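To keep things clear, I will list the structure first and then write my remarks on it.
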Amino acid sequence: MRSESDRAAHTAGVSKLMRSLQHPQVRPVIYQALLATGVGVAAWYFTSNAAENLWQRRIASGFDFLAREASFEIGESTFLSYESTDTYLRAIAVGFLNTFRVSALAIVFSTVLGGFIGLTRLSPNWLLAKLAAVYIEVIRNIPLVVQLFFWYAVITENLPAPADALSPGPGIFLSNRGFAFPMIVLGAPLALEYPVLSGFGFSGGALLSPEFAALLLGLSLYTAAFTAEIVRAGIVAVESGQYEAAYSLGLNHRQVMRYVVLPQALRVIVPPVTSQYLNCTKNSSLAVAIGYPDLVSIANTTINQTGQAIEGIAIIMIVYLTISLAIAGVMNWYNRRFALRGAQR
Amino acid sequence: MSHAVDEATTHVKSLLQWLRGRLFFSWSSSIATLIILYLAWNMVPPLINWALVRAVWSPQNARLCREAIGHGACWAFVADKYRFILFGTFPADQHWRPALAIAILMVLYLLSALRNMRRWRLAYFWLAGLAAIGVLMWGGLLGLSYVENERWGGLTLTLLLATFGLGFAFPLAILLALGRRSAMPLVRWLSIAYIELIRGVPLISVLFMASVMLPLFLPGGVSIDKLLRAQLAMIFFAAAYLAEVVRGGLQAIPREQEEAAQALGLSYWQRTSFVILPQALRIAIPPLVNTFIGFFKDTSLVVVIGLFDFLTTIKVSLTEPAWTGFGVEAYLFAALGYFVFCYPLSRYSQIIERETAHRQTDIHFQGELR
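The listed protein sequences derive, respectively, from chains Z and L. Here the first sequence is numbered in the numbering used here, starting from 8 and rising by one per residue. Here the second sequence is numbered in the numbering used here, starting from 1060 and rising by one per residue.
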């Protein structure tokens, strides 16, 4: 039997241990050790499950499949030629370039349109300002997929067949097979090649497929509404004292905007517009819903054919993360270069 | 001159003044106004004609719709399929159950928007409401027949995905936001890695991940159904975005608040839940509501993994031979459906934002007086 003093010493020891566990320098270490163990166990559990499942379903792992023949068709490929006998790697590269093509164009169009609408929103003309406001509210409160489906339906169901295509300008044709318009001939400056009707479609010039046209249209109009709000907020954020001071110096409206207001507004505008560019690129993945072969759509086909879901998803994630980091990097550089000197942290 | 005529002339005068001041104050402005009026004159009447006057409403005869193509809209499509669009393939004689569930959700949304309801009381209402919805939708209790969740669909499913998604994402988001500001490096790194990884990739890839990759990571024999997988993906996705909004709110709280609470001897969790979070979340209400809107719109992406939500039911209805080729009408209706929910929410967030701005200037002003 333990003596009284023994027991007292024991209790004291326990409470000392408890106190040291509560010590502000010990506690975080214990918490983090527990967290690390938890994350480690979960990771081990999921990987071992995955290994077991892959083995049972006879699914290979690793990226060897990239060198195999893809044997599926891709609707359109711009910069790279592609046939169904090409490899998965080439198919995925085509998907990436398609994503790049549509997002780059949508970013350019939405910036121009968004800037214009943002300025219109601040117009002293009541009608113009209201129109811009209605545009922004309507576009922002409807999901992009719905808008894409809508534009796709407008193009494929309501535009005429190529034979009686709408022609709003010389050499421009709008039909349910897509949009055709004149294209500069490479190597011969100032020479335009006009599309001509041949069979059930157009040849010559440039042709946008209905899928691409709907995606580009929807994505540009959608992103423009968000950009417009950012531009408006940026201009409103410039204090009225700045305008007054500039006008009192004798500058005219154009000069005030060009040299005083816009440079200050841009500092507010650039960071949120950057994230809009990122969103635009990520949103281009909705292409899969209307059948434009972007990266996600082709990776998805690859997953369905090979069963290698983990690798397929990994490719998607790596590509998008790289794009995100690249855009963020460029914009951070811009921000550093043009940020207010005193405001730098 | 009589008094009435006098009043009328002042009205006309002020109207003319307004027109001159807001529409015709300069040459360029006058031209812009005239162009807009001309375009409206040319476009609005045919549009009204198409959408309302010459539209086909009655679903009895799909042939009428075919005849109206080109000059009248075909709303008969909606009239024919509205039950499928609202409730999916829920058993027809039980449609009152999802209808009641939608009604309960509406009441909960409205209660949450009331000012004096931003209290703990609200949480109890939500718990009770969600429990009732669970019973209504699944059944198997109180004499209700059991309905498996593969049969849930339509607007009901969209609202459930959005509500449960946000409900579960929000606590996770608060933990992530706190984690990102934690003094413990491992907690901070894990939170940052999670938030940035999710925010760097499109939602579609997260949905694909849940639908094709998640089953691989579960032990053999265990399977999670498609709806739950999509719901999990949406929760994990929303949490990353909400976490950044919450972090914005946390950053707006001055350090002194934390220090004062520490000086009072409060523990970390006491400081966080009684001092910091109530203030941070109140500041973050407008951006939170904007994120809610974005998330509600994002639920429409489940169309790519084949869940029968509001948009998918509309898209599927279009594949019926009677209704093919009416995509424009169908998607205009879908757009209206989403707009009806998103627009009031966005107005609400704008109002709150203005109120908060006023309150802050008031506080500032009082501070100066003292």
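Beta carbons are placed, not taken as given, at the ideal position from N, Cα and C, and that holds for glycine. Just so you know, these numbers come straight off a predicted model, no measurement behind them.
Output the boundary residues of the alpha helix (DSSP H) element that contains residue i.
i	result
residue 1324 of chain L	Element bounds for residue 1324 of chain L: n/a, residue is neither H nor E.
residue 1075 of chain L	1062-1081
residue 160 of chain Z	151-160
residue 1136 of chain L	1135-1146
residue 1309 of chain L	1285-1310
residue 187 of chain Z	Here residue 187 of chain Z belongs to no alpha helix (DSSP H); instead the beta strand (DSSP E) covers 185-188.
residue 182 of chain Z	Premise fails: residue 182 of chain Z lies in the beta strand (DSSP E), 179-182, not in any alpha helix (DSSP H).
residue 1219 of chain L	1213-1239
residue 1358 of chain L	Careful: residue 1358 of chain L lies outside any alpha helix (DSSP H) and carries neither H nor E.
residue 219 of chain Z	217-243
residue 54 of chain Z	34-63
residue 1101 of chain L	1086-1107
residue 1123 of chain L	1121-1127
residue 258 of chain Z	Per DSSP, residue 258 of chain Z belongs to no alpha helix (DSSP H) and is neither H nor E.
Counting only beta-carbon atoms, is residue i nearer than 8 Å to chain L?
i	result
residue 186 of chain Z	no
residue 144 of chain Z	yes
residue 39 of chain Z	yes
residue 219 of chain Z	no
residue 67 of chain Z	no
residue 350 of chain Z	Because residue 350 of chain Z sits at a pLDDT of 45, beneath the cut-off of 50, its placement in the model cannot be relied upon, and the point is left open.
residue 245 of chain Z	no
residue 160 of chain Z	yes
residue 8 of chain Z	Summary for residue 8 of chain Z: the model assigns pLDDT 49, below 50, so the residue's position carries little reliability; its value from the coordinates is reported in the next sentence. Taking Cβ atoms only, chain L never reaches closer than 8 Å to residue 8 of chain Z, which makes this a no.
residue 228 of chain Z	no
Can a CB atom of chain Z be found closer than 8 Å to the CB of residue i?
i	result
residue 1279 of chain L	yes
residue 1356 of chain L	yes
residue 1425 of chain L	Note that residue 1425 of chain L scores a pLDDT of 43, beneath 50, so its modelled location is shaky and nothing firm can be said.
residue 1393 of chain L	yes
residue 1081 of chain L	yes
residue 1215 of chain L	no
residue 1165 of chain L	no
residue 1148 of chain L	no
residue 1285 of chain L	no
residue 1091 of chain L	yes
residue 1072 of chain L	no
residue 1429 of chain L	At residue 1429 of chain L, the pLDDT of 34 sits below 50, so the modelled position is not reliable and the matter cannot be decided from this model.
residue 1226 of chain L	no
residue 1374 of chain L	yes
What does residue i reach in chain L if we use C-beta pairs closer than 9 Å?
i	result
residue 59 of chain Z	1278, 1279
residue 278 of chain Z	Result: empty, since nearest Cβ-Cβ is about 13 Å, beyond 9 Å.
Per DSSP, which residues does residue i bridge with? Please list them.
i	result
residue 203 of chain Z	Z/210
residue 308 of chain Z	Residue 308 of chain Z is not bridged to any residue.
residue 76 of chain Z	Z/94
residue 1368 of chain L	L/1213
residue 1115 of chain L	L/1133
Under 8 Å between beta-carbons, which chain L residues line up against residue i? List them in chain order, please.
i	result
residue 165 of chain Z	1387
residue 259 of chain Z	Here the premise fails: no neighbours, minimum Cβ distance about 14 Å.
residue 307 of chain Z	1267
residue 53 of chain Z	1276
residue 310 of chain Z	1267, 1271
Quick one: give me the first and last residue of the beta strand (DSSP E) that residue i is part of.
i	result
residue 174 of chain Z	173-176
For residue i versus residue j, is the C-beta spacing smaller than 8 Å?
i	j	result
residue 1195 of chain L	residue 1142 of chain L	no
residue 99 of chain Z	residue 306 of chain Z	yes
residue 1298 of chain L	residue 1231 of chain L	yes
residue 1291 of chain L	residue 1215 of chain L	no
residue 4 of chain Z	residue 143 of chain Z	No information on residue 4 of chain Z is available, as it lies outside the stretch 8 to 352 that chain Z covers here.
residue 112 of chain Z	residue 223 of chain Z	yes
residue 1264 of chain L	residue 109 of chain Z	no
residue 1260 of chain L	residue 152 of chain Z	no
residue 1212 of chain L	residue 1372 of chain L	yes
residue 79 of chain Z	residue 227 of chain Z	no
residue 185 of chain Z	residue 220 of chain Z	yes
residue 1116 of chain L	residue 1135 of chain L	yes
residue 139 of chain Z	residue 162 of chain Z	no
residue 75 of chain Z	residue 87 of chain Z	no
residue 150 of chain Z	residue 1356 of chain L	yes
Please compile the residues from chain Z whose C-beta is within a distance smaller than 8 Å of the C-beta of residue i.
i	result
residue 1275 of chain L	56, 57, 60, 61, 316, 317
Can you pull the chain Z residues whose beta carbon is under 7 Å from the beta carbon of residue i, in chain order?
i	result
residue 1359 of chain L	150, 152, 153
residue 1381 of chain L	Result: empty, since nearest Cβ-Cβ is about 15 Å, beyond 7 Å.
residue 1272 of chain L	316, 317, 320
Counting only Cβ pairs nearer than 7 Å, list the residues of chain L close to residue i.
i	result
residue 324 of chain Z	1260, 1264
Against residue i, what residues of chain Z qualify as contacts under a CB-to-CB distance less than 9 Å, listed in chain order?
i	result
residue 1242 of chain L	35
residue 1405 of chain L	144, 147, 148
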